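Asker:
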Amino acid sequence: MAERRRRIRSFEWSTAIIASISVAAGVAVYLRDGTEKVLAILTKDLQLLVGMLPKMAAGCLIAAFVTRLLPREVVARVVGSESGLLGLLVAMIMGAVLPGGPLTIYPVAAAFLVLGADVGTAVAFITAWNLLGYNRALIWELPFFGPEFVGWRILIALPLPILGGLLARTAARMIAKRGGSDQWM
Amino acid sequence: MDVMMIISVVIAILLWLLVAVLAFIAAMRSKALFREGAFEGGRDFLVLIPRVMVGVVGSGYIAAVLPPDLIANWIGPNSGVIGILIATLIGAATPGGAVVGFAIGAAALKSGAGAPQVIAYSTAWSLYTIQRLLNWEIHMMAPRFVLLRAAVSFPLPILAGLGALLLGKP
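Keeping their order, the protein sequence lines are chains B and F. Under this note's numbering, the final residue of the first sequence carries the number 1084; numbering is consecutive throughout. Under this note's numbering, the final residue of the second sequence carries the number 174; numbering is consecutive throughout.
1. Helix, strand or coil for B/Gln946 per DSSP?
2. Would B/Phe964 pass as a contact of F/Leu170 if the rule is Cβ separation under 9 angstroms?
3. Less than 9 angstroms between the C-beta atoms of B/Leu1030 and F/Thr127, yes or no?
4. Measuring straight from C-alpha to C-alpha, what distance separates B/Trp1039 and B/Thr1026?
5. What ranges does the alpha helix (DSSP H) occupy inside the stretch 957–1032 of chain B, keeping only unbroken runs of at least 4 residues that lie completely in it?
6. Output, in sequence order along the chain, the residues in the stretch 1025–1042 of chain B whose CB is closer than 8 angstroms to any CB in chain F.
7. Can you give me the Cβ contacts of F/Ala67 inside the same chain, cut-off strictly under 7 angstroms, excluding the 5 residues immediately before and after it?
8. Alpha carbon to alpha carbon, how far is B/Ile940 from B/Gly1032? Give it in angstroms, no decimals.
9. Pick out whichever of B/Arg931, B/Gln946, B/Thr934 and B/Ala956 has its Cα sitting closest to the Cα of F/Tyr44.
10. Determine whether the Cβ of B/Val937 lies closer than 9 angstroms to any Cβ atom of chain F.
11. Could you give the DSSP three-state label for F/Asn82: helix, strand or coil?
12. Are there three or more Cβ pairs, one per stretch, closer than 8 angstroms when the stretch 1000–1010 of chain B is compared with the stretch 131–145 of chain F?
13. Should F/Ile53 be flagged as near chain B, meaning a C-beta pair shorter than 9 angstroms?
14. For the alpha helix (DSSP H) containing B/Asp882, name the first residue and the last one.
15. Cβ closer than 8 angstroms: which chain F residues qualify as neighbours of B/Leu1062?
16. Which first and last residues belong to the alpha helix (DSSP H) in which F/Phe43 is found?
17. 9 angstroms is my cut-off, CB to CB: does B/Arg967 come that close to chain F?
18. Return the residues of the stretch 83–100 of chain F that lie within a Cβ-Cβ distance of less than 9 angstroms from chain B, sorted by chain order.
19. Would you say B/Pro970 lies against chain F (beta-carbon separation less than 9 angstroms)?
20. For B/Arg1077, does the three-state DSSP call read helix, strand or coil?
21. Does the beta carbon of B/Arg1077 sit closer than 9 angstroms to a beta carbon anywhere in chain F?
22. How long is the line joining the alpha carbons of F/Ile11 and B/Leu960, rounded to whole angstroms?
23. Does the beta carbon of F/Gly64 fall short of 8 angstroms from some heavy atom of the ligand MN?
24. Can you name the start and end residues of the alpha helix (DSSP H) that F/Gly100 belongs to?
25. Locate the alpha helix (DSSP H) running through B/Trp1051, then write down its first and last residues.
26. Give me the chain F residues within the contact set of B/Ser921, using Cβ-Cβ distance strictly less than 9 angstroms, ordered along the chain.
27. Less than 8 angstroms between the CB atoms is what I'm expecting for B/Leu947 and B/Gly1045, so what's the real figure, rounded?
28. If we count the other Cβ atoms within 10 Å of its Cβ and call it buried at 16 or more, is B/Asn1034 buried or exposed?
29. Give me the subset of the stretch 7–27 of chain F whose CB atoms are less than 8 angstroms from a CB atom of chain B, sorted by chain position.
30. I need the DSSP call for B/Ser913, collapsed to helix, strand or coil.
31. Could you list which residues in chain B have their beta carbon closer than 7 angstroms to that of F/Asp73, in chain order?
32. Locate the alpha helix (DSSP H) running through F/Phe149, then write down its first and last residues.
33. Could you name the residues of chain F that B/Ser1047 contacts, counting a contact when the two beta carbons are closer than 8 angstroms?
34. Relative to the alpha-carbon of F/Ala155, which residue among B/Ala1056, B/Arg1052, B/Val1022 and B/Ile1055 has its alpha-carbon at the smallest distance?
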């Protein structure tokens, strides 16, 4: 599948850059502080990562099963048929629950718009996917930042999808009032 | 710290319960569905470990060579709203995939950046890093939608940073 290949390739590129910067930084630490410091950083960071491995594995499995049990078409239909504040809430929950990369998420958001949802719903969905998605939080954020930081970060982000959706609605209404198009697809 | 440990263990148990429930539902639908899900989830996990490891360990070394005074001045715990704004702009400008964004955020935090500033950074990076808008979103959504979404999302990382600042957490 083109989706997978592209995603993995862009990851490799990023990982290679970070790996080379890290090796350079590691050499600098060795020259400045010696072997002990190099090992101290290595064990401290690996400890956090190892502690998070069970949650990361669970995150990967949940994502793989949800992808199969919750087809994108169903999500698009459910969210596309809701409106008002409830529509934003449903979009937010779906955004947090639906796993996958940008190539999965944007077509679903586009499908809402085609099915008649307003622009705020699509914005709430994309915002929730970015900020509340368990997939990214479990697999990426947790081993980097630890559970306390991630927990507070998500708690603080909870109202943001609704807020973004409301702002988008207001902006779209103002644009329409000034004679702008109300077509967002 | 002990309470955190208990919460952490409880969350791990709940996650694995959810895995069990989903796996059971998949198995009820068909054996093939269960096998595919379990195989793909396991493979993704194995593929991800080395990448996350590079980022996590790398962030430790990068943090050790970053100049702490500079970090503290620009985005430290006392940098306040200006620091949150700076972090938001750096977040929008960060290129690359997940490993880059998280490694930079974690390195900044380890070398003395404030938590509200790092939250603003990672929120901005998640919502509207310019490279992702241009590489992905613009090809799949109408350009005026991308523009509208980026515009209304602009204050959100600042609000998240201010929220953390007011709460005094994490």
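In this text, a Cβ means the ideal position worked out from N, Cα and C, and glycines have one as well. Bear in mind the structure is a predicted one, so any value in this text is a computation, not a measurement.
Answerer: Walking through what the data contain:
1. helix
2. No, the Cβ-Cβ distance between B/Phe964 and F/Leu170 is not below 9 angstroms.
3. yes
4. A direct Cα-to-Cα measurement between B/Trp1039 and B/Thr1026 gives close to 17 angstroms.
5. 971–979, 983–996, 1001–1013 and 1018–1031
6. Ile1025, Thr1026, Asn1029, Leu1030, Arg1035, Leu1037, Ile1038, Trp1039, Glu1040 and Pro1042
7. Ala111, Lys114 and Ser115
8. 29 angstroms
9. Checking the sequence, you will find Glu at residue 44 of chain F rather than Tyr. Comparing Cα positions, the closest option is B/Ala956.
10. Yes, B/Val937 lies at the interface with chain F (some Cβ there is under 9 angstroms from its Cβ).
11. In the structure shown, F/Asn82 adopts coil according to DSSP, grouped into three states.
12. yes
13. Chain B places a beta carbon closer than 9 angstroms to that of F/Ile53, counting this residue as a contact.
14. Outside the modelled stretch of chain B, which goes from 900 to 1084, sits residue 882 of chain B, for which no answer is possible.
15. Leu160 and Leu163
16. Lys35 to Val69
17. yes
18. Pro99 and Gly100
19. no
20. In this structure, DSSP gives B/Arg1077 a state outside helix and strand, which the three-state scheme calls coil.
21. no
22. 21 angstroms
23. This structure lacks the ligand MN; in fact it carries no ligand of any kind.
24. Premise fails: F/Gly100 is in no alpha helix (DSSP H) and is neither H nor E.
25. Pro1046 to Ala1056
26. What B/Ser921 touches in chain F: Val58, Gly59, Val61, Gly62, Ser63, Gly64, Tyr65, Ile66 and Ala107.
27. 6 angstroms
28. buried
29. From the stretch 7–27 of chain F, only Met8, Ile11, Ser12, Ile15, Ala16, Leu19, Trp20, Leu22, Val23, Leu26 and Ala27 have a Cβ closer than 8 angstroms to chain B.
30. Reduced to three states, the DSSP call for B/Ser913 is helix.
31. In chain order: nothing, as chain B lies at least about 16 angstroms away.
32. Pro147 to Ser157
33. Contrary to the premise, residue 1047 of chain B reads as Glu rather than Ser in this sequence. Result: Met8 and Pro174.
34. B/Val1022
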